[in-house]
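As you go down the protein sequences, you meet chains X and H in turn.
Note that my numbering gives residue 131 to position 131 of the first sequence, counting from 1, and the numbers run on in steps of one.
Note that my numbering gives residue 207 to position 207 of the second sequence, counting from 1, and the numbers run on in steps of one.
Where is the CB? At the ideal position from N, CA and C, for every residue including glycine.
A short write-up of the structure that comes next.
There are 2 protein chains.
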Amino acid sequence: MIFVNIVYFCAQRKYWILLDILIYELNDYTMRTFSPDDENNKKLVDFLKKLGLSASEIKTVTNTEIEFKKGENVCKQGSFASYIMILKEGWLKSFVENIHFKSTVFKITKPFSIIGLSCLYGDNHYHFGCQAITSSKVCLVERVVFDDIIRTNNKFASEIIRMYSNSLQNLYDRLNSISNKQSLSKVCDSLIYLSEKIFESNVIPIIITRRDIAELSGLATENIVRILAELKSANAISVNKKEITILDMDMLKRFSCFG
Amino acid sequence: MIFVNIVYFCAQRKYWILLDILIYELNDYTMRTFSPDDENNKKLVDFLKKLGLSASEIKTVTNTEIEFKKGENVCKQGSFASYIMILKEGWLKSFVENIHFKSTVFKITKPFSIIGLSCLYGDNHYHFGCQAITSSKVCLVERVVFDDIIRTNNKFASEIIRMYSNSLQNLYDRLNSISNKQSLSKVCDSLIYLSEKIFESNVIPIIITRRDIAELSGLATENIVRILAELKSANAISVNKKEITILDMDMLKRFSCFG
DNA sequence: ACACAATATTGACAAATATCAATATTTATT
DNA sequence: AATAAATATTGATATTTGTCAATATTGTGT
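This is the structure:
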């Protein structure tokens with residue numbers, strides 16, 4: 001996969017634009033036809049069935065699959081939004097970043113989820129970036145294809161609306177945390193989010209780095225280290241090489257609420 | 001209209017909940033039948049027609065109309081989400097706030113817009129608050145009614161999805177500004193947002209207070225005053241009792257981008 | 001027109017958080 | 001296994017932004 005970065009001055013919008021053109025090299029994945037054997041494919045199909053897609057629609061949306069290595073960009077903020085993405089395997093983080101690459105993560109994505117719904121209509125550019133935090137497999141669905149299905153499949157449209165609702169609610173919560181709270185509360189919010197919404201466990205694995213928690217909380221990495229040490233000494237969490245374990249969720253929620 | 005505030009400890013969620021029950025008193029407005037005379041009603045009907053609603057659907061969603069005075073709460077964060085709202089007259093601000101009432105505004109709403117789409121599905125509580133910044137008239141539509149229309153009216157569903165896309169894009173932009181930028185850039189972003197997206201003019205009227213700009217930028221009111229003075233002395237804006245006028249949008253955009 | 005309340009403004013200062021630098025630890029690569 | 005690279009940790013310090021207090025201005029209701 002190739003990124004071509006073009007910075008140009010857009011006369012009409014009087015604005016510098018960082019245009020990142022994402023070129024997927026045609027490879028075995030993009031060329032392969034859908035095979036229902038593999039375990040993950042089965043789960044993906046189940047997920048899509050539950051959303052109300054027919055067999056042929058499922059075939060359409062799973063037709064093009066791309067593998068991303070850890071750290072690779074799945075989509076770049078500001079680039080042309082060609083695809084809606086379905087995460088089949090691995091973990092992604094979605095974020096907004098400024099021109100100096102200071103970045104704020106607003107969502108961690110697990111399989112099986114849809115990424116890029118915000119680009120379905122609107123100004124055709126991704127307003128966020130997305131990066132693989134582990135090696136991941138993603139199905140790319142052209143926007144028009146996705147739009148067609150929504151227009152013809154009521155059940156699917158309704159499920160997509162449900163996802164939009166959830167995305168908005170999540171964003172309101174994140175914005176409230178990042179903008180209105182102090183550092184301790186922000187970190188607690190991030191840990192609660194990761195535990196309850198993402199990993200559905202009191203254990204947060206080390207695939208989430210200190211830096212990820214920092215970007216999720218809108219803080220500097222060094223502060224995360226300090227606050228985690230604080231929470232550890234309060235017996236709210238325990239920390240080892242492999243994971244962060246939440247020992248006292250009540251305490252985290254009190255900190256989250258009153259900070 | 002009456003607010004009943006109940007603070008209770010939710011044992012299941014191990015969380016203090018501030019439950020604000022919003023009781024609308026039945027009055028002439030809620031009892032009145034739809035009258036197509038008045039000018040604003042006509043515009044509202046046009047708006048709803050463009051969204052693909054039939055005459056009877058329009059009648060349904062405009063049936064209950066409530067007037068809010070300046071400063072009144074239209075909906076309270078954390079309260080039970082019963083209604084989707086359509087703004088017919090006036091201006092609202094939507095925000096997230098923490099327990100100490102530090103609040104961040106993420107959207108200014110003008111007529112004719114729909115508020116509360118994020119509550120259509122999900123956990124049944126408003127994740128944001130909304131307040132009238134001028135006296136306003138709002139149509140309340142029960143969630144189930146709104147949901148029914150979406151399920152049966154494809155065109156409308158598609159338009160609603162368009163709104164969701166826009167809301168998400170706006171939120172990403174706001175989050176990027178509030179979380180990743182410095183104060184000058186944040187204020188410029190707010191002014192650009194107000195000018196381009198809300199008032200569609202280089203003049204921002206005084207119905208938007210310094211405090212509103214502060215909440216929109218995620219800063220303290222005093223800092224807004226200082227930064228506006230800075231922008232004024234740079235000839236980027238001019239300020240008088242009635243309005244802020246943007247003189248040099250390019251400059252604001254450069255500040256916004258590089259800050 | 002007057003009094004009161006809300007909003008705007010300014011300066012001094014405090015608090016929170018980021019930054020920088022140095023080092024330790026862990027993971028990845030050959 | 002050795003080395004390099006990435007991530008984590010700690011302390012000292014700088015910067016940004018918020019807070020507080022005092023005052024000015026504007027808007028509102030009688």
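| Members of the stretch 122–146 of chain X near chain H, C-beta cut-off 8 Å | G122, D123, H127 and F128
| request: Please list the partners that D173(H) has in chain X, where partner means a Cβ-to-Cβ separation under 9 Å. | output: V96 and H127
| Hey, would you say V74(X) sits closer than 8 Å to A132(X), going by beta carbons? | yes
| So is L140(X) buried or exposed if we call it buried at 16+ other beta carbons inside 10 Å? | buried
| task | Along the beta strand (DSSP E) that carries K88(X), what are the first and last residues, could you check? | result | Y83 to E89
| field | T60(H) beta carbon less than 8 Å from that of V324(H) | value | The displayed coordinates of chain H run from 1 to 259. Any statement about residue 324(H) would go beyond what the structure contains.
| query | Does the ligand COA have a heavy atom nearer than 7 Å to the CB of N63(H)? | reply | Among the ligands in the structure shown, none appear at all, so the ligand COA cannot be discussed.
| task | Check the DSSP bridge columns for F80(X) and list the partner residues they point to. | result | H125(X)
| query | Which chain H residues are close to T104(X), counting only those with a beta carbon under 8 Å from its beta carbon? | reply | L175, N176, S179 and N180
| field | Residues that I161(X) contacts on chain H, provided the C-beta gap is smaller than 8 Å | value | L120, Y121, I150, A157, I160, I161 and Y164
| task | Kindly list the residues whose CB is nearer than 7 Å to the CB of S113(H), restricted to its own chain and excluding five residues on each side of it in sequence; keep chain order. | result | L87
| query | Is S190(H) helix, strand or coil by DSSP? | reply | helix
| query | Can the beta-carbon of L252(H) be found less than 8 Å from the beta-carbon of I246(H)? | reply | yes
| message | Could you tell me the alpha carbon to alpha carbon distance between I21(X) and Y83(X), rounded to whole angstroms? | response | For I21(X), the predicted model reports a pLDDT of 40, less than 50, meaning its position is unreliable; a value from the coordinates is still stated below. Going by the C-alpha atoms only, they are around 13 Å apart.
| message | Quick check on DSSP: helix, strand or coil for Y29(H)? | response | For Y29(H), the pLDDT reaches just 38, beneath the cut-off of 50, and the residue's location in the model is therefore unreliable, leaving the point undetermined.
| said: With distance defined between alpha-carbon atoms, name the residue in S79(H), S54(H), I115(H) and L191(H) nearest to K232(H). | reply: L191(H)
| said: Can you look up N166(H) in the DSSP assignment and give me helix, strand or coil? | reply: helix
| task | Work out the CA separation of K197(X) and D46(X) for me, nearest whole Å. | result | 20 Å
| said: Which of the three DSSP states is assigned to N223(X) in this structure? | reply: helix
| request: Please state if the CB of S217(X) and the CB of V187(X) are separated by a distance shorter than 8 Å. | output: yes
| Taking C-alpha atoms, which residue in N202(H), E200(H), S201(H) and I227(H) lies nearest to I213(H)? | I227(H)
| Terminal residues of the continuous alpha helix (DSSP H) containing F68(X)? | Counting along the chain, F68(X) falls outside any alpha helix (DSSP H), though it belongs to the beta strand (DSSP E) covering E65 to F68.
| field | Nearest candidate by alpha-carbon position, reference N153(X), set L53(X), S185(X) and E215(X) | value | L53(X)
| query | How long is the line joining the alpha carbons of K110(X) and N41(X), rounded to whole angstroms? | reply | 15 Å
| task | Indicate whether at least one CB of chain X lies closer than 8 Å to the CB of N40(H). | result | no
| Sheet register partners of I58(H) (DSSP bridge) | None; I58(H) has no bridge partner.
| Coarse secondary structure for T109(H), derived from DSSP in three states | strand
| For S177(X) versus D189(X), is the C-beta distance shorter than 8 Å? | yes
| Residues bridged to K253(H) by DSSP? | DSSP output for K253(H) lists no bridge partner at all.
| query | Which of the three DSSP states, helix, strand or coil, is assigned to K155(X)? | reply | helix
| task | Return the CA-CA distance between N97(H) and T104(H), expressed in angstroms with no decimal places. | result | Checking the sequence shown, residue 97(H) turns out to be Glu, not Asn. The straight-line gap from Cα to Cα measures roughly 6 Å.
| Alpha carbon to alpha carbon, how far is E142(H) from Y126(X)? | 33 Å
| query | Considering only the beta carbon of each residue, do L184(H) and F255(H) sit closer than 8 Å? | reply | yes
| Backbone CA spacing between I161(X) and R210(X) [nearest angstrom] | 33 Å
| message | Just verifying my parser: in three-state terms, what is the DSSP assignment at A214(X)? | response | helix
| message | Measuring straight from C-alpha to C-alpha, what distance separates L117(X) and K241(H)? | response | 42 Å
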